[in-house]
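Here is the structure we will look at.
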Amino acid sequence: MIEYLDTIENLEQQIAEQEKDCTELDQQIDEKKAILEKEREELQIRLAELDNRAEGISDGIDSELVRIYNVIKTKKGSIGIAPVIAAVCQGCHLNIPPQMYNELHRRDSLKICPWCERIIYWKEG
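Count along the sequence shown from 1, then add 4; that gives the number in our numbering.
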């Protein structure tokens, strides 16, 4: 009987310690949630600022080009434009055809990478 009481007392002590640990962990989780929520709010503010800036920039660009860019960006789920350095599209890391590369140097027309379908532009490298 005394052994059972001793066992019960030990178990109650273990339960109390685990409840204390759970409380501490809950507190840590709440603190981290608060930090992450603050970061999320800051990122949302930054995103809104960048969206406004992008809208301002896109006002000075041909609307058809902006539309094409947005379609490509949505389709790719990421960046819709990529530089070409040494005849290699930096979006997909594949060589573009030599004629297209030569045409990029002239900078007189819009080019689309034949492999990843991003808008490409020539960049000295």
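From the three backbone atoms N, C-alpha and C, an ideal C-beta is built for every residue, glycine too. Quick caveat: nothing in here was measured; it's all calculated off a predicted structure.
Those residues which DSSP pairs with residue i across a bridge
i, result
"G72", "Note that residue 72 is Ile in the sequence shown here, rather than Gly. I72 pairs with nothing; no bridge assigned."
"K115", "I124"
"C93", "V88"
"N106", "The partner list for N106 (beta bridge, DSSP) is empty, contrary to what the question assumes."
"N99", "V92"
Cα-Cα separation, residue i to residue j
i, j, result
"G84", "A91", "18 Å"
"E16", "L40", "36 Å"
"T78", "E35", "36 Å"
"E43", "C26", "25 Å"
"I12", "A20", "12 Å"
"R122", "P101", "15 Å"
"D66", "D55", "18 Å"
"E23", "Q32", "14 Å"
Residue i, enclosing alpha helix (DSSP H) - first and last residue
i, result
"I33", "I6 to S62"
Own chain residues within Cβ distance below 6 Å of residue i, not counting five before or after
i, result
"W119", "C96 and L98"
"I72", "none"
Distance CB(residue i)-CB(residue j) smaller than 9 Å
i, j, result
"P87", "I116", "no"
"L114", "L69", "yes"
Residues near residue i by beta carbon distance below 8 Å, same chain, minus five either side
i, result
"Y105", "V88, A91 and W126"
"N74", "G84"
Residue-chain proximity (residue i, chain B), Cβ-Cβ < 9 Å
i, result
"R71", "Judged by its chain identifiers, the structure shown contains no chain B, having just a single protein chain."
Distance cut-off 8 Å: residue i Cβ against heavy atoms of the ligand ATP
i, result
"A20", "Annotation note on the ligand ATP: not contained in the displayed structure, which lists no ligands."
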